[in-house]
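For the sequence shown, the tail end lands on 168 under the working numbering, and the numbers increase by one without skipping.
C-beta atoms are modelled at their ideal positions from N, C-alpha and C, and glycine is treated no differently.
Note that the structure is predicted; figures quoted are calculated from it, not measured.
Read through the structure below, which is laid out as structure tokens, and then see the notes.
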Amino acid sequence: MLDIFVERILFVMVNFLVLVVILRALLMKPVSEFMEKRRQAIADDIDTARANKEKSEALLAEHQAMLDKGREEARTIIEDAERRGEARRQEIIEAANKEAEAMLARANTEIERSRDKAVEQLRQEVVTLSVLMAQKILGRQVESDDQRQLFQAVVRELDESYAKYSS
């Protein structure tokens, strides 16, 4: 019985080895090819994934650079607009100051002219009144030489008085 059992074990083992050799001969090449193709496909997928990752990182860096450049340009534009606005504001202020100074100068000139005119009118009235007063005092017509001398004296006195009050 033990003999049968050993024979049987040997028979099964030989059959198994023959089956393994046959299966290996028949299936080894297709299975190896399939496994190689599968390994190659996985390697290609990994390479493609790496390339896509690198491309994505490059695009991300490029977009980030473009975004940074856009921000810098926007900042530059804003600063330029602020500078131009400040310059324009200064120009407007300077123009307004110049206009105010010109208006003040014109007003001062007009005041000076009006004052000179008023002084001249006052002189004329004083001379006329002086001549009338002198005629009444003297009771006669004052000669033209006398009028001229009297006029010059009155004008001198007025100028001196005016100079005292102006100072």
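Check                                                                      : Outcome
Distance, A66 Cα to V32 Cα                                                 : 50 Å
Best match in D45, R85 and L159 for proximity to A119 [C-alpha to C-alpha] : L159
R89 versus I79 - alpha carbon distance                                     : 15 Å
L130 to R116 span [Cα, whole Å]                                            : 20 Å
For K70 and A108, the rounded distance between their alpha carbons         : 56 Å
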